[in-house]
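Enquirer:
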Amino acid sequence: MVIARSEWVLYQREYRGIAGRRLLWGAVIVISVVLGWGMYELGRDVATGETAPFSVLGITAISAMAWVAWRSSRLSRNSFEELEPDFLLATVPASVPALGLLLFVYARIAIIVAAPTIAIAIGAAVGLRAPTVALTVVLAVATSTAVAVGAGVSARLAAHLIGMRLARGRTYRDLLILFGWLPLLVGWFLLGELPNLSLTRLDILPAVAVVDLALLGAFGQAGINPARGLATFIVIIPAAALLAGTTTALARRIWEGEPTARTAPSGSHSLLEAGWVERLTGERLPRPVRTIARKRWVSERRSPRGLLYTGYVLFFVGVVLFPVLGIIGVPGFVLVIHAIGLSVGLAFGSDPIGIEYRGLTMVLTTVRGRAFVGGLLLAALAPAVVIVPAVVFPLGVISAATPGEIFSFILFGIAVCGCTASLALAAGLDVDRSEFSPVSGFFTDVPWYAETGWGQFQRIGAILVGATLAVFPAFIGTHPAVYERLAAAGVPPAATRSGALLLGALAAAGATQIVFGIAVDRYKRYSIE
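So that you can map any letter, position 196 of the sequence shown is 291 in my numbering, and since no number is skipped, the others follow by simple counting.
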């Protein structure tokens, strides 16, 4: 209580005299009157036998709890930073200031929601002609607010802890900037399906149960489920306690488990030491090949530059392949595995000169062409061997694919990755060193060396188109019109699809072999003068 009171005093001193507070409280009063009148009208309709729009009330409850969680997170950020753990932890355990922070935030939120809650409680009680509804409305708002406050404060402390532990905190910010549009795209497609959804399906939302708890005092009225209201109360109290415990645990971890000063770990180690590559391959691969591959993995881990290129693949697949090949009937399973192969291959095989720019002189004079190209190709194929099966197996189970088709899909995805990586290497080794200049990059404060102009985008487009054309037999053989016609001639559809995928993988492997030689030749002839 002392911690909560001290935070309250600091808050009053900080915001005392702000003219906008009067406007804020005026708006709260107006909103309270509107909500109270609305609940009165709604309660009167229910009392006369009409069905209440519980789905709309549930969505409103979700929105209110989300706002409370967001506001709690904002309030806890400054308050948590103003606490002095060095002094507090010398006299009290960590749970005391953590719970004090929760009480302060809850009190701040309670002041804002008190007037609307009272208005809603009175309006519902008068409209439903059930005085006990006022008590259950206040109970529902108080308990759901406690859960939302606990969620908001816990989320803020978790974000604070993650930020302390990250050596490069801006990495996730840059990922959000680069790929944050993907959830928006998915949401856009989902919005297109909303006309096909029935609003009554939203009755399963947990917030509708909160509405049942709020109206529990009027059980017997049409549409009110007292059993679900009681079950909500039984669940919501332990949930609030669990979130309070989570807040305490996070605060204790931040104050007691983290060092007061932190330096970013360098992660430096010898590239020549034996690792998992040697354990898997032994000495069958030359050491320069293994060293180049390991160097590429370390570079990508420290600054995931290749991750940027997956954005081009998503754009190419979403704008070109799916609208063109998807419309004519090529299965989405094939396009997804093809997209994964393109992404991994382009991520680890593109821009070899820009990535090796600072040490390019040493690389050209110490590493042979086959070792350099082979090492970067290994750097692309090794992740593909893990990623492709991890995607194929779940999709295969969902689509009821045969074991032969699953095996063919795995080989197809890995072959697409190798073909894409070799094409990217050959194209990148044809760019003169003078075309590169330092630019500010994502994920790091160290400048990147990158090619300027539109030439790099044209090459990326050519790489993606070339890798797609190389495996075109797979698109043809997996088309329903092809395997259904062959099925009429006695060939099983699964055999046709598997054969087409294997043929596409074989074509990609052949293209990889040819382009590999071209990339080696360009490396040998590369000049930095």
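Even for Gly, the Cβ is constructed at its ideal location relative to N, Cα and C.
Whose CA, out of F570, I207, G449, lies closest to the CA of P426?
Expert: In the sequence shown, counting from the first residue as 1, residue 426 sits at position 331. The residue with the shortest Cα to Cα distance from P426 is F570.
Enquirer: Suppose the cutoff is 8 Å on Cβ atoms and the five residues either side in sequence are ignored; what does the same chain contact list for G572 look like?
Expert: The residue you call residue 572 lines up with position 477 of the sequence shown. Counting only Cβ-Cβ distances below 8 Å, and skipping sequence neighbours, we find Y578, T591, R592, G594, A595, L596, L598, G599.
Enquirer: Helix, strand or coil: how does DSSP classify E546 here?
Expert: Position 451 of the sequence shown, counting from 1, holds the residue named residue 546. In the structure shown, E546 sits in a strand (DSSP, three-state: E or B).
Enquirer: Could you spell out the range, first to last residue, of the alpha helix (DSSP H) harbouring A495?
Expert: Counting from 1 along the sequence shown, the entry for residue 495 is found at position 400. No alpha helix (DSSP H) holds A495; DSSP gives it neither H nor E.
Enquirer: Would you mind sorting L289 into buried or exposed? The rule is 16 or more other CB atoms within 10 Å of its CB.
Expert: The sequence position of residue 289 within the sequence shown is 194, counting from 1. Its pLDDT being 44, under 50, L289 is placed unreliably by the model, and the measurement read from it follows with that caveat. Exposed, by the Cβ-count rule.
Enquirer: With a threshold of 16 other CB atoms inside 10 Å of the CB of M457, please say whether the residue is buried or exposed.
Expert: Position 362 of the sequence shown, counted from the start, is the residue given in the question as residue 457. By the neighbour-count rule (16 or more Cβ atoms within 10 Å), M457 is not buried but exposed.
Enquirer: Are there three or more Cβ pairs, one per stretch, closer than 8 Å when the stretch 544-560 is compared with the stretch 461-480?
Expert: With the cut-off at 8 Å, the stretch 544-560 and the stretch 461-480 do not touch.
Enquirer: Do the CB positions of V163 and V200 come within less than 7 Å of each other?
Expert: Position 68 of the sequence shown, counted from the start, is the residue given in the question as residue 163. Position 105 of the sequence shown, counted from the start, is the residue given in the question as residue 200. Not in contact: V163 and V200 (Cβ atoms no closer than 7 Å).
Enquirer: Please report the residue range of the alpha helix (DSSP H) in which P447 lies.
Expert: The residue labelled residue 447 in the question sits at position 352 within the sequence shown. Segment 447-450, the alpha helix (DSSP H) holding P447.
Enquirer: Enumerate in chain order the residues of its own chain whose CB-to-CB distance from T327 is below 7 Å, with the five nearest sequence positions on each side excluded.
Expert: Walking along the sequence shown from the start, residue 327 turns up at place 232. Only A304, V305, D307, L308 meet the Cβ criterion.
Enquirer: Suppose you measure from the CA of S361 to the CA of K390; what does that come to, to the nearest Å?
Expert: Within the sequence shown, the letter at position 266 stands for residue 361. Within the sequence shown, the letter at position 295 stands for residue 390. A caution first: S361 carries a pLDDT of 45, below 50, which makes its placement in the model too unreliable to give a value.
Enquirer: Please report the Cβ distance between A388 and A335, rounded to the nearest whole angstrom; I am assuming they are in contact, meaning their Cβ atoms lie under 8 Å.
Expert: The count along the sequence shown starts at 1 and reaches residue 388 at position 293. The count along the sequence shown starts at 1 and reaches residue 335 at position 240. Contact doesn't hold; Cβ gap of about 51 Å is too wide.
Enquirer: Could you tell me whether the stretch 443-462 touches the stretch 397-414, using the rule of 3 or more Cβ pairs below 8 Å?
Expert: In short, these stretches touch, since the Cβ pair count reaches three.
Enquirer: Can you tell me whether Q553 is buried or exposed, with buried defined as 16 or more other CB within 10 angstroms of its CB?
Expert: The residue given as residue 553 occupies position 458 in the sequence shown. Exposed is the call here.
Enquirer: Would A565 and A606 qualify as a contact pair, given that the criterion is a beta-carbon distance under 7 Å?
Expert: If you number the sequence shown from 1, residue 565 lands on position 470. If you number the sequence shown from 1, residue 606 lands on position 511. Yes; because the gap between Cβ atoms is below 7 Å, this pair is in contact.
Enquirer: Less than 8 Å between the CB atoms is what I'm expecting for G508 and V487, so what's the real figure, rounded?
Expert: Here the question's residue 508 lines up with position 413 in the sequence shown. Here the question's residue 487 lines up with position 392 in the sequence shown. Yes, they are in contact, since the Cβ atoms of G508 and V487 sit about 7 Å apart, within 8 Å.
Enquirer: Using only CA atoms, which one of L198, A235, I207 lies nearest to A216?
Expert: By one-based count along the sequence shown, residue 216 stands at place 121. Looking at the Cα atoms, A235 is the closest of the given residues.
Enquirer: Let's test the definition: count the other Cβ atoms within 10 Å of the Cβ of I332 and tell me whether it reaches 16, buried, or not, exposed.
Expert: Your numbering for residue 332 matches position 237 in the sequence shown. Answer is exposed; the Cβ neighbour count stays below 16.
Enquirer: Is it buried or exposed for E136, if we count other Cβ within 10 angstroms and need 16 for buried?
Expert: For the purposes of this step, residue 136 is identified with residue 41 of the sequence shown, where counting begins at 1. By the neighbour-count rule (16 or more Cβ atoms within 10 Å), E136 is not buried but exposed.
Enquirer: Using the Cβ count rule (16 or more neighbours within 10 Å means buried), how would you classify P576?
Expert: Looking up residue 576 in the sequence shown gives position 481. One detail in the question is off: residue 576 reads as Ala in this sequence, not Pro. With fewer than 16 other Cβ atoms within 10 Å, it is exposed.
Enquirer: Taking Cβ to Cβ, would you say L311 is nearer than 7 Å to T231?
Expert: For the purposes of this step, residue 311 is identified with residue 216 of the sequence shown, where counting begins at 1. For the purposes of this step, residue 231 is identified with residue 136 of the sequence shown, where counting begins at 1. Yes; because the gap between Cβ atoms is below 7 Å, this pair is in contact.
Enquirer: Assign T405 to buried or exposed, taking buried as 16 or more other Cβ atoms, counted over all protein chains shown, within 10 Å of its Cβ.
Expert: Numbered from its first residue, the sequence shown carries residue 405 at position 310. Looking at its Cβ environment, which holds 16 or more other Cβ atoms inside 10 Å, T405 is buried.
Enquirer: Would you mind sorting I432 into buried or exposed? The rule is 16 or more other CB atoms within 10 Å of its CB.
Expert: Along the sequence shown, read from residue 1 onward, the residue named residue 432 stands at position 337. The residue is buried, with at least 16 neighbouring Cβ atoms inside 10 Å.
Enquirer: Cα-Cα, which of I423, H574, A237, A604 is closest to G513?
Expert: The residue you call residue 513 lines up with position 418 of the sequence shown. It is A604.
Enquirer: Bridge partners for F531 per DSSP, in chain order?
Expert: Locating residue 531 in the sequence shown gives position 436, counting from the first residue. For F531, which the question treats as bridged, DSSP gives the partners E546.
Enquirer: Is it the case that the Cβ atoms of V415 and S438 are separated by a distance below 7 Å?
Expert: Stepping through the sequence shown from its first residue, residue 415 is reached at position 320. Stepping through the sequence shown from its first residue, residue 438 is reached at position 343. Taking 7 Å as the Cβ cut-off, V415 and S438 do not qualify as a contacting pair.
Enquirer: Should L518 go down as buried or exposed, given a rule of 16 or more other Cβ atoms within 10 Å for buried?
Expert: Looking up residue 518 in the sequence shown gives position 423. Buried, by the Cβ-count rule.
Enquirer: Give the DSSP-derived three-state secondary structure of T342 in the structure shown.
Expert: Locating residue 342 in the sequence shown gives position 247, counting from the first residue. Three-state result, T342: helix.
Enquirer: Might you give, ordered along the chain, the residues of its own chain that have their beta carbon closer than 8 Å to the beta carbon of L455, omitting 5 neighbours on each side?
Expert: For this step, residue 455 is matched to residue 360 along the sequence shown. Result list for L455: I448, R528, I623, in chain order.
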